[in-house]
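So the structure is just underneath, and the comments pick up after that.
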Amino acid sequence: MRKTTSTNTQNAKQLTANCPILSTFHLLGGRWKIALIWNIAQDINRFGLLRNQLPGLSQKMLGQQLKELEQDGFIGKTNFAEVPPRTEYYLTELGQSLLPLLAQVYDWGLAHNLPQRVRERYEAEAASQPSG
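Sequential numbering of the sequence shown, starting at 1, is according to the UniProt record's numbering.
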């Protein structure tokens, strides 16, 4: 557990709070938030559909990430009074405003062959692990 009163932690908080780039990465950081925003934009907008689309994402983590995205204003949800109950997620204006930026990052990643570079890194890490 990291000390929240350490000088490094306080400096990091101050830097993040005053830098638009770091603030953005702080709110959208983590493994799943960008993927969730991207999928919701593609009309994969229900809990079960999102879970199926992102198989490594646990039900608990999915709920937590959706809640944080909603609290931070990137997504909203509509609850339908049906049996069984149905909830659909949608991008708010703030969430929609991210899409052009995400599309640019997507294109930039392809142009620089980043998916292949990441796969190679994962393979190298796996090869360096002792077999058990």
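Just so it is clear, CB atoms sit at the ideal spot from N, CA and C, and this is done for glycine as well.
Do you know how far the Cα of T24 is from the Cα of W38? Translated into positions along the sequence shown, residue 38 becomes position 38. Translated into positions along the sequence shown, residue 24 becomes position 24. If you take the alpha carbons of W38 and T24, they lie about 16 Å apart.
Would a C-beta distance cut-off of 8 Å place I40 and Y89 closer than the cut-off? Counted from its first residue, the sequence shown places residue 40 at position 40. Counted from its first residue, the sequence shown places residue 89 at position 89. Result yes, Cβ atoms of I40 and Y89 sit closer than 8 Å.
Here's the rule I'm using: 16 or more other beta-carbon atoms within 10 Å means buried, otherwise exposed. How should G95 be labelled? Counted from its first residue, the sequence shown places residue 95 at position 95. Per the 10 Å Cβ criterion, buried.
Among P84, L91, P85, nearest to K77 - alpha-carbon criterion: On the sequence shown, position 77 is the one that residue 77 refers to. With distances taken between Cα atoms, K77 lies closest to L91.
Whole-angstrom C-beta distance between L69 and K33, which should lie under 8 Å: Indexing the sequence shown from 1 puts residue 33 at position 33. Indexing the sequence shown from 1 puts residue 69 at position 69. Sure, about 6 Å apart at Cβ, within 8 Å.
Where in the UniProt domain "HTH hxlR-type" (19–117) do unbroken runs of the alpha helix (DSSP H), each at least 4 residues long, occur, reported from the N-terminal end onward? 20–28, 33–41, 47–53, 59–71, 93–111
Judging by CA-CA distance, which residue of Q64, Q53, R46 is the nearest neighbour of G30? By one-based count along the sequence shown, residue 30 stands at place 30. Ranking the options by Cα distance to G30, first place goes to Q64.
Run the CB neighbour count on N45, radius 10 Å, all protein chains shown included, and call it buried at 16 or more, exposed below. Sequence index remark: in the sequence shown, residue 45 carries index 45 (1-based). Per the 10 Å Cβ criterion, buried.
Please work out which residues of its chain come closer than 8 Å, Cβ to Cβ, to G109, disregarding the five sequence neighbours upstream and downstream, and give them in chain order. The sequence position of residue 109 within the sequence shown is 109, counting from 1. Hits under 8 Å: P115.
DSSP state of Q129 mapped onto helix, strand, coil: Here residue 129 refers to the residue found at position 129 when the sequence shown is read from its first residue. Coil, per DSSP.
Return the residue from the list L27, V83, P55, A111 that minimises the CA-CA distance to I75. Counted from its first residue, the sequence shown places residue 75 at position 75. With distances taken between Cα atoms, I75 lies closest to L27.
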